[in-house]
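Shown next, in structure tokens, is the structure this report addresses.
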Amino acid sequence: MNGQLYFLQKNSCITNGDQKLDTQDAKIGYLSDLSGNNLQQITPNNSQILNWKLVQSTGAIFIKIIKDSDNDQKFTEKDETNFIRVNLDKPVIGSEIISDEIEQKIKSSLVK
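Just remember that this note's numbering sits 48 ahead of the position in the sequence shown, which is counted from 1.
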């Protein structure tokens, strides 16, 4: 996707089982070109976008997400947050910057 891009975040479907589309449902990020073509999902399913930052010098968007890590179909303080990086030249669902392995090492060193 070269050229100018359009970033969209939306509640895409009911994910918490309450039959209402609201702020407690997943909020997914998408990119498209300005004409609305080439729509591409860039954040994982079952996550919510907390905030994001475009860093043009690196050609990427960095997105802070919360993921329903306990699978209770709700986004709460118990759920894990992470950061993903999305390459603007080849946008796909972003990869997490802090891997599960690194996160576990950090947590284990903090508990000691």
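Note that the Cβ used here is the ideal one computed from N, Cα and C, for glycine as well.
These numbers come from a predicted model, not from an experiment.
Helix, strand or coil for Ser81 per DSSP?
-> Against the sequence shown, residue 81 aligns to sequence position 33. Before going on, a small fix: residue 81 reads as Asp here, not Ser. It is a strand residue.
Taking Cβ positions only, does Thr129 come closer than 8 Å to chain D?
-> Going by chain labels, chain D is absent from the structure shown, which holds only one protein chain.
For Asn94: DSSP bridge partner residues | Working through the sequence shown from its first residue, we reach residue 94 at position 46. Answer by DSSP bridge pairing: none, since Asn94 is not bridged.
Helix or strand or just coil, what does DSSP make of Ile154?
-> Taking the sequence shown and counting its residues from 1, the one referred to as residue 154 is at position 106. In this structure, Ile154 counts as helix in the three-state DSSP scheme.
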